[in-house]
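Taking it in order: structure first as structure tokens, then the write-up.
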Ligand code: ADP
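This is the structure we're talking about:
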């Protein structure tokens with residue numbers, strides 16, 4: 455056998471294409487054999503390359519996995535929330551990010567090795583609620599609770615803790631991943647806001663009573679004067695010799711009526727001053743505007759102001775604190791009267807308008823034909839202590855804005871195209887779907 459044929463036969467052997475020597479077949483022609491060897495070699499090379507590609511892909515996946523693990527670690531360890539993972543089958547926390555130590559003041563390890571049960575740090579008052587939510591969580595995988603914890607140094611912190619289920623292919627929850635955030639600052643701010651609102655409610659009541667005092671005094675004077683007049687008439691009749699007591703009945707009844715009327719006014723004043731927390735109820739803005747106007751009639755008349763009411767009817771009820779909104783309307787009307795008194799221009803016209811604004815708010819506008827305000831001053835209008843009046847305080851507009859915003863609305867001003875200013879405020883409709891209309 456020539457050397458070439460020998461080599462070919464070896465290759466054919468290795469490549470598994472060598473003829474079976476036991477079979478009595480005619481030997482393959484060398485060209486054909488060579489071709490088969492080449493095909494097989496090409497196949498082997500291709501298989502080898504595929505294998506290499508697979509290995510490279512696996513290495514890539516491993517790198518990617520390590521990268522993503524590293525990214526996850528970086529993320530979990532640098533966010534301000536505590537990231538945790540709970541193993542449902544293991545019945546314990548599997549991972550807790552290091553921020554836990556900062557917020558809770560306990561080492562992470564104590565949670566993982568269960569030398570500390572996480573519930574132990576929860577404030578005793580919140581424990582029953584949090585425990586119940588925890589057991590619900592084990593079923594649904596969902597958890598969303600705000601609770602207080604007590605740190606080892608005795609400090610109390612507020613935590614917002616929420617968990618999300620991780621399911622396997624059959625939909626079974628096998629892990630719960632969660633984020634716990636320190637919301638103490640937000641809670642303190644909310645508390646402060648609530649306290650301020652209570653203060654604002656108290657002050658508003660007092661302010662409204664003070665603002666209305668002159669009108670109320672004037673109102674009380676009327677029944678008192680009537681009582682005096684009727685009583686004098688009765689005395690006059692009694693001084694006559696022959697008096698039929700029935701002649702006194704009408705006058706005495708009037709005395710009773712006027713006494714009751716005076717009592718009603720005093721009761722209203724007492725209600726105003728009495729300390730109530732701010733209460734948001736369904737109120738009719740149209741009725742509220744009528745009530746304020748009633749108390750301001752005297753001022754309007756003295757300033758020679760004509761009143762135009764453009765009140766939408768029917769108008770949905772709004773959700774607000776009645777006393778506080780009365781105070782806002784009173785401030786806006788008084789400012790309008792003052793702005794119109796500061797100019798000789800006629801007519802002096804005050805328009806009060808209510809309209810439904812979109813689907814969820816009612817818009818109230820107080821429009822005057824007063825002296826208006828320059829562009830620069832209009833920007834500063836709502837700043838505390840901004841005033842252009844010699845005896846002004848510059849507080850009523852900023853207080854009004856706080857009141858309206860605390861009720862979920864907005865208050866702003868626009869210059870009228872001709873003269874004067876318009877103040878607008880919105881308040882949320884009491885019930886968007888329900889037919890809650892003012893009577
Ligand atoms: P005060 O009335 O004590 O000055 P406000 O906060 O009610 O405080 O008003 C601040 C300033 O805004 C007023 O001094 C006045 O210059 C301006 N202003 C308020 N309402 C009107 C108005 N309707 N027209 C023109 N200017 C107004």
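In my numbering, the protein residues as written are 455 to 893.
All residues carry an ideal CB built from backbone N, CA and C; glycine is no exception.
- Taken in chain order, the whole alpha helix (DSSP H) runs of length 4 or more contained in the segment 511 to 580 are 553 to 558 and 562 to 566.
- Spatial neighbours of residue 871 in its own chain (CB-CB distance under 7 Å, excluding positions within 5 residues in sequence) are not present.
- The shortest C-alpha to C-alpha distance from residue 721 to any of 538, 670 and 760 is the one to 670.
- Scanning the segment 766 to 823 for uninterrupted alpha helix (DSSP H) segments of 4 residues or longer gives 776 to 795, listed from N- to C-terminal end.
- At least one heavy atom of the ligand ADP sits closer than 7 Å to the Cβ of residue 825.
- Segment contact: the segment 712 to 720 against the segment 671 to 682, three or more CB-CB distances shorter than 8 Å; contact assigned.
- By alpha-carbon distance to residue 867, the top candidate from 781, 833, 883 and 654 is 833.
- By the Cβ test, the segment 819 to 827 is in contact with the segment 792 to 802, since at least three Cβ pairs between them sit closer than 8 Å.
- Between residue 645 and residue 601, the alpha-carbon positions lie close to 15 Å from each other.
- Comparing alpha carbon positions, the residue from 615, 774, 515 and 529 closest to residue 735 is 774.
- Excluding sequence positions up to five before and after residue 733, its CB lies within less than 7 Å of the CB of 775, all in the same chain and listed in chain order.
- Assignment of residue 619 by DSSP, reduced to helix, strand and coil, places it in the strand class.
- At a cut-off of 3 residues, the continuous stretches assigned as beta strand (DSSP E) that sit fully inside the segment 604 to 692 are 610 to 621 and 627 to 636.
- Cβ neighbours of residue 839 within its own chain (closer than 6 Å, five residues either side excluded): 848.
- Around the beta carbon of residue 591, 16 or more other beta carbons lie within 10 angstroms, which makes this residue buried.
- Distance from residue 662 to residue 739 at the Cβ level is roughly 16 Å; contact not present, criterion being Cβ atoms closer than 8 Å.
- A direct Cα-Cα distance of roughly 33 Å separates residue 755 from residue 860.
- With distances taken between CA atoms, residue 599 lies nearest to 634 out of 634, 627 and 683.
- Assigned with DSSP and collapsed to three states, residue 724 falls in helix.
- Residue environment for residue 658: buried (at least 16 other C-beta atoms within 10 angstroms of its C-beta).
- For residue 764, the beta-bridge partners assigned by DSSP are 807.
- Rounded to whole angstroms, residue 561 and residue 654 show a C-alpha spacing of 44 Å.
- Taken through DSSP and simplified to helix, strand or coil, residue 598 comes out as strand.
- The C-beta distance from residue 851 to residue 820 rounds to 12 Å, too long to fall under 8 Å, and the pair is not in contact.
- Within the segment 836 to 866, the complete alpha helix (DSSP H) segments at least 4 residues long are 850 to 860, listed from N- to C-terminus.
- In the DSSP assignment, residue 869 is bridged to 875.
- Residue 717 holds the alpha-carbon nearest to the alpha-carbon of residue 673 among 717, 557, 684 and 757.
- Residues of the same chain with a CB within less than 6 Å of the CB of residue 751, apart from the 5 flanking positions on each side, do not exist.
- Ranking 643, 609, 719 and 799 by CA distance to the CA of residue 757 puts 799 first.
- If you draw a straight line from the Cα of residue 685 to the Cα of residue 705, it comes to about 7 Å.
- The residue from 569, 650 and 556 with its alpha-carbon nearest to that of residue 613 is 556.
- In this structure, the straight-line span from the alpha carbon of residue 769 to that of residue 737 is close to 10 Å.
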